[in-house]
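Quick notes on the structure that follows.
Protein chains: 2
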Amino acid sequence: MDVFIVSDVGGTQIRVAAYAVDSLELVNQKKIPTKSKNQLPIERLISLIKEVNADSSIKAIALAVAGYLDSDAGIVIEAPNIRGWNNYPLKDLLNNEFSVPIFMGNDANLAALAEWKFGAGIGHSNLLYLTVSTGIGGGAIVNNQLLLGAKGLGGEFGHTTVLPDGPLCGCGKHGHIEAISSGTGILKYVQEQISQGKSSSLSALEKISGKDISQAARQGDSLAIEVYQRAGFFLGIALANFVHILNPSIIIFGGGVASSAGDLIFESMRNSLQNSIISPAYLDNLSITNSRLGDEVGLKGALALLVTQFSPNLIEQI
Amino acid sequence: MDVFIVSDVGGTQIRVAAYAVDSLELVNQKKIPTKSKNQLPIERLISLIKEVNADSSIKAIALAVAGYLDSDAGIVIEAPNIRGWNNYPLKDLLNNEFSVPIFMGNDANLAALAEWKFGAGIGHSNLLYLTVSTGIGGGAIVNNQLLLGAKGLGGEFGHTTVLPDGPLCGCGKHGHIEAISSGTGILKYVQEQISQGKSSSLSALEKISGKDISQAARQGDSLAIEVYQRAGFFLGIALANFVHILNPSIIIFGGGVASSAGDLIFESMRNSLQNSIISPAYLDNLSITNSRLGDEVGLKGALALLVTQFSPNLIEQI
Chain A
1 MDVFIVSDVG
11 GTQIRVAAYA
21 VDSLELVNQK
31 KIPTKSKNQL
41 PIERLISLIK
51 EVNADSSIKA
61 IALAVAGYLD
71 SDAGIVIEAP
81 NIRGWNNYPL
91 KDLLNNEFSV
101 PIFMGNDANL
111 AALAEWKFGA
121 GIGHSNLLYL
131 TVSTGIGGGA
141 IVNNQLLLGA
151 KGLGGEFGHT
161 TVLPDGPLCG
171 CGKHGHIEAI
181 SSGTGILKYV
191 QEQISQGKSS
201 SLSALEKISG
211 KDISQAARQG
221 DSLAIEVYQR
231 AGFFLGIALA
241 NFVHILNPSI
251 IIFGGGVASS
261 AGDLIFESMR
271 NSLQNSIISP
281 AYLDNLSITN
291 SRLGDEVGLK
301 GALALLVTQF
311 SPNLIEQI
Chain B
319 MDVFIVSDVG
329 GTQIRVAAYA
339 VDSLELVNQK
349 KIPTKSKNQL
359 PIERLISLIK
369 EVNADSSIKA
379 IALAVAGYLD
389 SDAGIVIEAP
399 NIRGWNNYPL
409 KDLLNNEFSV
419 PIFMGNDANL
429 AALAEWKFGA
439 GIGHSNLLYL
449 TVSTGIGGGA
459 IVNNQLLLGA
469 KGLGGEFGHT
479 TVLPDGPLCG
489 CGKHGHIEAI
499 SSGTGILKYV
509 QEQISQGKSS
519 SLSALEKISG
529 KDISQAARQG
539 DSLAIEVYQR
549 AGFFLGIALA
559 NFVHILNPSI
569 IIFGGGVASS
579 AGDLIFESMR
589 NSLQNSIISP
599 AYLDNLSITN
609 SRLGDEVGLK
619 GALALLVTQF
629 SPNLIEQI
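Residue numbers (this note's numbering), protein chains in the order written: chain A, 1 to 318; chain B, 319 to 636.
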């Protein structure tokens, strides 16, 4: 049997799955931690691929990678959470082991492709996908194609400035939407407000987690409620910017914060989106919804990339 | 001879031109004011088309319109500067006179298409066009296609929020880049600062024009210098947002402010773009340049729309 091998390579986990080329049925799937004392991430990736694909013939490999890539050259320009993957010739290193076509993409971009091909975005020609978790990432489908730009660096929605001189972002710049509305941004704001003397049930905790904040908000803690409203307010402004540019018919949210605290964020987000948009025509028939693919979105995105390359019509049949 | 009829319908002028279908040579061209005491804009447009095309056979008509359009339906949703053009069935009204295919697009979107086909953007698959004049408009080419979105409302770059609670925009919202860095935004800031007692050579003038401000800046007036630097600073932030999303290989500026005061704005714009971008990879080989088509960009955009429809290969030959 011929299989497609797909992998989602993140800072925490490496996932690998094998799908039958002719039916797109799942054949095998495994995940392991990315970090290990004795092995480099590339060694772990290669051995996991071999483990997942014991007997079959590999037709092609695709990888969703948490980083900036030169997809055509197969080089990881920067993957902040994967040790040593800076200007890293990932494709060449894999080709030394597997003499098959290898494709790769940024994980959030491929998540957009996954939702479009297999998930909540089926049938939408213009789609925006945003993942709100530790950081904020995203991807877009424009006219039935993945938005990549000149060098494949497009679709970087998390680093949109919404508040010049605002909080410091993980990237070192200020006021990006990721610095305000991501899990990290939400936690930082809570810590900052508590250290400035704001009263909150959370100030009793030694270490605050995202779960603590969402629980506190549901129990009526005013600081916790405020931080989600603030996250939603700025997210709505950012969304209006994206919608003015891309005019999508669907916006899909993924990521831990969106799934665990979406109800605390989305109302103020929708209000602020409505207040920031220049014409209601942009919002008529615009769906705002959650990811359907959950944890599998990276693998499915890599699979979508292969399907697009090798059997664009297959997906219509299954 | 068969001709393409193209028109640029703005709030001030209606331009119409006829181009030979087989060679794309200009056959005839005229312009008239949009407003008139005795005629509606549609009457003026129809009579100008008849005047420009006295003898030839019209193969198709395309219009670049200053407004939000439902291009597929041929309806002008809103054209703030053209009297009566709200939910206006422009295509049907023209088809009553001319039984030929009729196409239309937003003027700034078509300007992007024009620069891509005929102007500064030839050969670039991912292009951003921005016009900085009374307002700020724009358009983008993504993977060799005009960025339109689900309803053709995409590419609305001027209403990107860069400063929440910032100055009021012409659209009624606050803090859009148009409210800060357009000619209108620049003038308003100068007037505001003068009324707050800021000293400037401009305060002696009864009525201040854009030309007055750029002259004052060139003569060393500190308020005039500041207002352009401020415009450039926020324009750079907006550009970084656009570049993160679209990753273009060229940004083309058109419009009166860009051409008359570009030198006063662009340095601070480039600095702020550089300071706001998350990776220098976005700026490597990114050209930032001026429009090559000037006043003709609307007509050329409408022509590009027809060429794309009817003779996509012709353009490579001429």
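All C-beta atoms, glycine included, are put in the ideal place defined by N, C-alpha and C. Computed from a predicted model, the values in this text were never measured in an experiment.
Beta-carbon proximity of residue i to residue j, cut-off 9 Å
i: residue 568 (chain B); j: residue 584 (chain B); result: no
i: residue 385 (chain B); j: residue 420 (chain B); result: no
i: residue 64 (chain A); j: residue 6 (chain A); result: yes
i: residue 504 (chain B); j: residue 531 (chain B); result: yes
i: residue 458 (chain B); j: residue 566 (chain B); result: yes
i: residue 610 (chain B); j: residue 437 (chain B); result: yes
i: residue 433 (chain B); j: residue 615 (chain B); result: yes
i: residue 359 (chain B); j: residue 332 (chain B); result: yes
i: residue 281 (chain B); j: residue 369 (chain B); result: Nothing can be reported for residue 281 (chain B), as the shown portion of chain B is limited to 319 through 636.
i: residue 475 (chain B); j: residue 380 (chain B); result: no
i: residue 193 (chain A); j: residue 182 (chain A); result: no
i: residue 572 (chain B); j: residue 428 (chain B); result: no
i: residue 16 (chain A); j: residue 48 (chain A); result: yes
i: residue 562 (chain B); j: residue 147 (chain A); result: no
i: residue 528 (chain B); j: residue 575 (chain B); result: yes
i: residue 117 (chain A); j: residue 304 (chain A); result: yes
i: residue 550 (chain B); j: residue 582 (chain B); result: yes
i: residue 473 (chain B); j: residue 426 (chain B); result: yes
i: residue 378 (chain B); j: residue 345 (chain B); result: no
i: residue 452 (chain B); j: residue 559 (chain B); result: no
For residue i, the three-state DSSP class (helix, strand or coil)
i: residue 562 (chain B); result: helix
i: residue 317 (chain A); result: Model confidence at residue 317 (chain A) stands at a pLDDT of 44, short of 50, so the residue's coordinates are unreliable; what they give is reported in the following sentence. Correct three-state label for residue 317 (chain A): helix.
i: residue 479 (chain B); result: strand
i: residue 112 (chain A); result: helix
i: residue 50 (chain A); result: helix
i: residue 597 (chain B); result: coil
i: residue 409 (chain B); result: helix
i: residue 308 (chain A); result: helix
i: residue 547 (chain B); result: helix
i: residue 272 (chain A); result: helix
i: residue 21 (chain A); result: coil
i: residue 575 (chain B); result: helix
i: residue 284 (chain A); result: coil
i: residue 83 (chain A); result: coil
i: residue 98 (chain A); result: coil
i: residue 568 (chain B); result: strand
i: residue 170 (chain A); result: coil
i: residue 207 (chain A); result: coil
i: residue 520 (chain B); result: helix
i: residue 362 (chain B); result: helix
i: residue 146 (chain A); result: strand
i: residue 618 (chain B); result: helix
i: residue 262 (chain A); result: helix
i: residue 609 (chain B); result: coil
i: residue 540 (chain B); result: helix
i: residue 459 (chain B); result: strand
i: residue 377 (chain B); result: strand
Where residue i meets chain A, residues with beta-carbon distance less than 7 Å
i: residue 465 (chain B); result: 142
i: residue 444 (chain B); result: 149 and 150
Any non-hydrogen atom of the ligand ATP within 8 Å of residue i CB
i: residue 121 (chain A); result: With respect to small molecules bound, the structure shown includes none, and the ligand ATP cannot be examined in it.
Extent of the continuous beta strand (DSSP E) to which residue i belongs
i: residue 396 (chain B); result: 393-396
i: residue 348 (chain B); result: 344-351
i: residue 327 (chain B); result: 320-327
i: residue 265 (chain B); result: Here chain B comprises residues numbered 319 to 636, so residue 265 (chain B) is not present and cannot be evaluated.
i: residue 128 (chain A); result: 127-132
i: residue 317 (chain B); result: Past the boundaries of the shown model lies residue 317 (chain B); chain B is included only from 319 to 636, so the question cannot be answered.
Closer than 8 Å at the beta carbon, the chain A residues around residue i
i: residue 475 (chain B); result: 244 and 245
Bounding residues of the alpha helix (DSSP H) (the contiguous stretch that carries residue i)
i: residue 189 (chain A); result: 183-195
i: residue 66 (chain A); result: Element bounds for residue 66 (chain A): n/a, residue is neither H nor E.
i: residue 535 (chain B); result: 528-536
Within chain B, the residues that residue i reaches when beta carbons sit closer than 8 Å
i: residue 279 (chain A); result: 386, 395, 396 and 471
Partners in chain A for residue i, counting only beta-carbon separations shorter than 9 Å
i: residue 479 (chain B); result: 162, 237, 238, 240, 241 and 276
Chain B contact residues for residue i, given Cβ-Cβ distances below 7 Å
i: residue 222 (chain A); result: Under the 7 Å cutoff, chain B gives no residues; its nearest Cβ is about 22 Å from residue 222 (chain A).
i: residue 248 (chain A); result: 467 and 468
Open item on the list: I'd like to know if the segment 552-565 of chain B and the segment 492-510 of chain B are in contact, where contact means that at least 3 CB-CB pairs between them fall below 8 Å.
Closed with: yes
Open item on the list: Does the structure place the segment 398-409 of chain B close enough to the segment 326-344 of chain B that three or more beta carbon pairs sit under 8 Å?
Closed with: Contact holds: three or more Cβ-Cβ distances are below 8 Å.
- [ ] Evaluate the contact criterion for the segment 125-132 of chain A versus the segment 83-94 of chain A: three or more CB pairs, one atom per stretch, below 8 Å.
- [x] no
Open item on the list: Whether or not the segment 481-493 of chain B and the segment 273-284 of chain A are in contact is what I'm after, with contact meaning three or more pairs of Cβ atoms, one per stretch, closer than 8 Å; do they touch?
Closed with: Because the criterion of three Cβ pairs below 8 Å is met, the segment 273-284 of chain A and the segment 481-493 of chain B touch.
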